[in-house]
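In this note's numbering, the protein residues as written are 131 to 574.
This report concerns only the one structure given below.
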Ligand code: SF4
């Protein structure tokens with residue numbers, strides 16, 4: 131049996147200088163490859179809206195992953211996937227994985243998908259593929275939505291934490307690195323013990339689970355020695371949740387004498403000065419903190435209470451250690467007033483991080499903020515960005531961007547702004563309203 135694993139077209143297509151390999155899709159393809167003949171197709175990277183004929187002729191099943199661990203896909207991408215399924219679903223079996231199909235299975239089944247795997251797929255995917263033509267056995271597998279004679283059948287719902295450790299190291303031979311940004315990326319964990327109300331991770335993946343330290347450093351070594359990568363960013367939601375694990379990873383990198391520059395996403399709540407010094411010692415140079423607000427009131431509403439004084443202290447220390455620091459802020463969290471925005475503004479001006487990402491809130495399915503504000507899901511579907519037009523302090527946001535510009539920040543408003551700049555001075559500071567390039571301006 132031949133299986134095609136698809137990263138669907140992300141409409142509008144992602145700018146290749148910003149694009150990371152779809153690691154969650156590659157992870158699925160690697161798992162399937164151990165059991166079936168497998169082809170990998172990244173429609174986003176290749177800018178294609180159709181499955182090439184030579185591939186389509188030779189496959190029996192298409193497995194599509196959308197909005198699973200990397201939250202890249204947009205509402206438009208999901209709509210386009212529906213079109214794709216309508217076009218090909220009558221002839222081929224389509225198996226879907228990801229948050230969007232999990233929360234809206236009917237839409238995909240009605241479009242022609244054969245099976246939706248709801249939630250975590252680790253222990254379910256291979257049995258599903260092995261029994262794809264055996265509806266009786268499929269009905270015994272939990273957490274599926276199945277199309278049976280044009281009717282929808284839901285199998286038993288069973289809580290599963292999955293078995294993340296059992297997943298293989300992604301097989302990078304299935305992708306062409308030339309299609310992606312220069313800085314390589316890795317994902318080594320999933321889930322979170324935090325309860326931020328806007329974040330889907332703890333509600334979809336539940337508790338924190340991670341790959342073994344050996345696996346993580348093996349993968350890093352493959353990127354360095356086989357693919358000659360010089361910079362790697364860990365795109366785990368929060369790489370320092372487990373301080374012990376992070377410390378062991380650093381010790382292993384040191385032991386193997388890997389020469390590589392590293393970056394990761396972390397959280398203020400999981401900062402530890404000694405750990406960050408060790409991280410710096412083994413090559414970490416870039417760190418992202420999702421701070422999200424300068425107002426303690428709003429932070430409480432977000433489900434991530436934090437002292438602003440402590441945030442100030444952490445960012446100061448991390449900069450002193452030598453890290454290039456990126457921070458992100460949500461400008462329009464429900465209940466946010468001009469006064470809250472001013473507190474955020476003052477905090478940013480005080481911290482002056484090297485990179486600032488300013489967001490409008492994305493209402494993601496499965497998150498408390500979405501349930502609490504159902505009207506904000508304008509399409510009733512995936513998520514919308516709210517506020518940008520209606521926000522009454524929009525003018526103040528623009529003035530703030532201007533203020534940062536005067537402090538020598540480059541300001542990025544539109545995605546295409548990133549295409550203009552390829553080269554930056556060391557220590558160049560950015561503020562961006564759109565996704566930002568990784569791996570800029572950090573060196574030895
Ligand atoms: S700490 Fe990060 S991953 Fe965890 S719930 Fe908050 S935003 Fe999500």
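Virtual Cβ for every residue (Gly too), placed ideally from N, Cα, C.
From a predicted model like this one, the values you see are computed outputs, not experimental measurements.
Contacting residues, own chain, Cβ-Cβ under 6 angstroms from residue i (five flanking each side not counted)
| i | result |
| --- | --- |
| residue 510 | For residue 510, the predicted structure reports a pLDDT of 44, less than 50, and the residue's modelled location is therefore unreliable. A value from the coordinates is still provided. None. |
| residue 517 | The pLDDT assigned to residue 517 is 46, lower than 50, so where the model puts this residue is not dependable, and the model offers no usable value. |
| residue 574 | none |
| residue 379 | 343 and 346 |
| residue 283 | 276 |
| residue 523 | 468 and 471 |
Close-in-space but distant-in-sequence residues of the same chain around residue i (CB under 8 angstroms, 5 per side omitted)
| i | result |
| --- | --- |
| residue 453 | 406, 410, 414, 415, 416 and 417 |
| residue 482 | 537 and 559 |
| residue 364 | 315, 316, 317, 318, 392, 393, 394 and 395 |
| residue 149 | 174, 175, 309, 310 and 311 |
| residue 154 | 195, 198, 199, 200 and 317 |
| residue 571 | 454, 484, 554, 555, 556, 557 and 558 |
Beta-carbon separation (whole angstroms), residue i vs residue j, contact threshold 8 angstroms
| i | j | result |
| --- | --- | --- |
| residue 330 | residue 494 | 5 angstroms |
| residue 466 | residue 527 | Residue 466 to residue 527, Cβ: 11 angstroms. No contact. |
| residue 134 | residue 171 | 6 angstroms |
| residue 222 | residue 197 | No, residue 222 and residue 197 are not in contact; Cβ-Cβ is about 21 angstroms, not under 8 angstroms. |
| residue 543 | residue 566 | So it is not a contact: roughly 12 angstroms between Cβ atoms. |
| residue 254 | residue 271 | 6 angstroms |
| residue 169 | residue 181 | Rounded, the Cβ-Cβ distance is 10 angstroms, inconsistent with contact. |
| residue 158 | residue 227 | 7 angstroms |
In DSSP terms, what residue i is bridged to
| i | result |
| --- | --- |
| residue 489 | 460 |
| residue 539 | 559 |
| residue 171 | 136 |
| residue 408 | Bridge partners of residue 408: none, in fact. |
| residue 247 | 227 and 274 |
| residue 416 | 393 and 454 |
| residue 363 | 315 and 393 |
| residue 222 | Beta-bridge pairing links residue 222 to no other residue. |
| residue 422 | 459 |
| residue 195 | 227 |
| residue 340 | 319 |
| residue 287 | Bridge partners of residue 287: none, in fact. |
Test item: CB-CB of residue i and residue j under 8 angstroms
| i | j | result |
| --- | --- | --- |
| residue 422 | residue 459 | yes |
| residue 529 | residue 561 | no |
| residue 317 | residue 290 | no |
| residue 309 | residue 192 | no |
| residue 323 | residue 294 | no |
| residue 577 | residue 268 | There is no way to answer for residue 577, as the model of the chain reaches only from 131 to 574. |
| residue 456 | residue 487 | yes |
| residue 173 | residue 151 | no |
| residue 425 | residue 470 | yes |
| residue 145 | residue 548 | yes |
| residue 224 | residue 243 | yes |
| residue 333 | residue 204 | no |
| residue 233 | residue 499 | no |
| residue 582 | residue 440 | Residue 582 is absent from the model: the chain starts at 131 and stops at 574. |
| residue 304 | residue 156 | yes |
| residue 301 | residue 446 | no |
| residue 479 | residue 438 | no |
| residue 238 | residue 212 | yes |
Among the options, the one whose alpha carbon lies nearest that of residue i
| i | options | result |
| --- | --- | --- |
| residue 142 | 186, 206, 200 and 182 | 206 |
| residue 321 | 336, 313, 312 and 307 | 336 |
| residue 312 | 358, 338 and 288 | 358 |
| residue 326 | 228, 263 and 433 | 433 |
| residue 390 | 347, 504 and 543 | 347 |
| residue 350 | 362, 468, 340 and 244 | 362 |
| residue 165 | 499, 151, 147 and 132 | 132 |
| residue 402 | 375, 387 and 385 | 375 |
| residue 468 | 499, 521 and 450 | 521 |
| residue 257 | 161, 377, 388 and 299 | 161 |
| residue 435 | 448, 446 and 420 | 420 |
| residue 502 | 478, 412 and 464 | 464 |
| residue 387 | 412, 404, 400 and 367 | 412 |
| residue 475 | 492, 532 and 504 | 532 |
| residue 569 | 188, 287 and 147 | 147 |
| residue 404 | 210, 504, 338 and 444 | 444 |
Same chain, Cβ closer than 7 angstroms to residue i, five either side skipped, listed in chain order
| i | result |
| --- | --- |
| residue 235 | 246, 248 and 275 |
| residue 217 | none |
| residue 307 | 357 |
| residue 451 | 406, 407 and 410 |
| residue 297 | 157, 161 and 252 |
| residue 353 | 314, 359 and 362 |
Contact with chain E by residue i, beta-carbon distance below 8 angstroms
| i | result |
| --- | --- |
| residue 256 | Looking at the structure shown, chain E is missing, and only one protein chain is on hand. |
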